[in-house]
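2 protein chains.
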Amino acid sequence: MRIERELMRGAGPVAVLKLLERHEMYGYELIDALSKRSEGVLALGQSTLYPMLYNMEAKGLIESTERAAPSGRERRYYRLTRTGHAQLAQQTEQWVAISRAMLALGILPGPTTTQEALA
Amino acid sequence: MRIERELMRGAGPVAVLKLLERHEMYGYELIDALSKRSEGVLALGQSTLYPMLYNMEAKGLIESTERAAPSGRERRYYRLTRTGHAQLAQQTEQWVAISRAMLALGILPGPTTTQEALA
DNA sequence: TGCTATACTATGTTATACGTAGTATGCGGA
DNA sequence: TCCGCATACTACGTATAACATAGTATAGCA
């Protein structure tokens, strides 16, 4: 399922923050993880993800360390800051609110059918 | 619940198309309906909604007629075109896909708790 | 007459998703 | 040993939508 550009807005950043919540990850790894974990729906390109990371770091949501991987290659590992955790919580709440609204309008399937529809 | 600008992207248009699915409505009425039906979450301002309508009409998703309301005031009534119906169906599908992805990532609450969480 | 709600138009700003292009390295096979 | 490929990241330009702000005009009511 190909998602339109504009619908992706807002979904990407929250997803990245969520992945970084557990443990640090590097860019290339995030791209892979997002794509796989969402079955291609949140498949961000490099030109989307990397600037997003720079942006988030500038805002203090994440921080990074450049470090050699076991393979010997240099990688930049990102992890959530305290601010990032707060932001994740806030944005998650907003996503739930939007979902509720979309549900109320009948765009997302109702509670009784949610399980089958989103299964 | 105040929703950030970027998270709103993509949500507005689908919601508007959905409201117009049933019967024609005019701009001011749509603003009101969106705000009320979503409990303020999809509360678009005039400067967001009107350009959105012009845009959608230019794309052929909706069409309009200017007509005097019972009150005597001129209003522009919008209704879905065939293309608009198709677009609504497609975007609805995409919204479901994104929701499923957000659910898989643990951002939206899981199936068993969806009913309570979104209730 | 003046105020308020209704109804719409116009313009400029900001943010981000993505296309495209380019750089550099580790590794496996021919 | 050398080539090609996957890995890993950087850089720049474009398009688009959400919104702030401002302005126009009318109906109804006190």
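Chains A and B, in that order, are what the protein sequence lines are.
Okay, so the first sequence: first residue is 1 according to the working numbering, each after it adds one.
Okay, so the second sequence: first residue is 1 according to the working numbering, each after it adds one.
Ideal placement from N, C-alpha and C gives every residue a C-beta, glycine not left out.
For clarity, every value in this text was computed on a predicted model and none was experimentally measured.
query                                                                                                                                                             : result
At which residues does the alpha helix (DSSP H) containing Arg79/B begin and terminate?                                                                           : Counting along the chain, Arg79/B falls outside any alpha helix (DSSP H), though it belongs to the beta strand (DSSP E) covering 74-80.
Sort Leu42/B, Gly84/B, Leu20/B, Glu21/B by Cα distance to Met8/B and report the nearest one.                                                                      : Leu42/B
Please give me, in chain order, every unbroken run of the alpha helix (DSSP H) with length at least 4 that falls completely inside the segment 23-105 of chain B. : 27-37, 46-58, 82-104
Can you tell me the Cβ-Cβ gap for Leu80/A and Leu17/A, rounded? I've got them flagged as a contact below 8 Å.                                                     : 7 Å
Taking the alpha-carbon of Met1/A as reference, which of Ser99/B, Glu39/B, Glu4/B has the nearest alpha-carbon?                                                   : Ser99/B
Indicate the three-state DSSP secondary structure (helix, strand or coil) for Leu108/B in the structure shown.                                                    : coil
Measure the alpha-carbon distance for Met102/B versus Ser71/B and round it to whole angstroms.                                                                    : 46 Å
Could you check where the alpha helix (DSSP H) with Met8/A kicks off and where it finishes?                                                                       : 5-8
Within the 8 Å Cβ cut-off, does Gln87/B reach chain A?                                                                                                            : no
For the putative contact between Gln87/B and Leu61/B, defined by C-beta atoms under 8 Å, what is the C-beta separation to the nearest angstrom?                   : 5 Å
Assuming contact is defined by CB atoms lying nearer than 8 Å, are Arg67/A and Tyr77/A in contact in what I supplied?                                             : yes
Have a look at Val96/B, Gly27/B, Thr65/B, Pro109/B and flag the residue whose alpha-carbon is nearest the alpha-carbon of Thr48/B.                                : Gly27/B
Who are the neighbours of Arg9/A on chain B, taking C-beta pairs under 8 Å?                                                                                       : Glu6, Leu7, Arg9, Gly10
Taking C-beta pairs closer than 7 Å, name the residues in chain B that Gly84/A reaches, listed in chain order.                                                    : Ordered by position in chain B, no residue passes the 7 Å Cβ test against Gly84/A, which lies about 14 Å from the chain.
Taking Cβ-Cβ distances below 8 Å as the criterion, which residues of the segment 25-43 of chain A are in contact with chain B?                                    : Arg37, Ser38, Glu39, Val41, Leu42
So, is the C-beta of Gly106/A closer than 8 Å to a C-beta in chain B?                                                                                             : yes
In whole angstroms, what separates the C-alpha of Lys36/B from that of Glu57/B?                                                                                   : 24 Å
Run down chain B in chain order and give the residues with a C-beta less than 7 Å from the C-beta of Thr92/A.                                                     : Ile107
Thinking Glu39/B and Gly10/A are a contact (beta carbons under 8 Å), I'd like their distance in whole angstroms, please.                                          : Not a contact, Cβ separation roughly 19 Å.
Kindly list, in the order they appear in chain B, the residues whose Cβ is closer than 8 Å to that of Ser64/A.                                                    : The premise fails here: Ser64/A is roughly 21 Å from chain B at the closest Cβ pair, so nothing lies under 8 Å.
Measuring straight from C-alpha to C-alpha, what distance separates Gly45/B and Ala15/B?                                                                          : 14 Å
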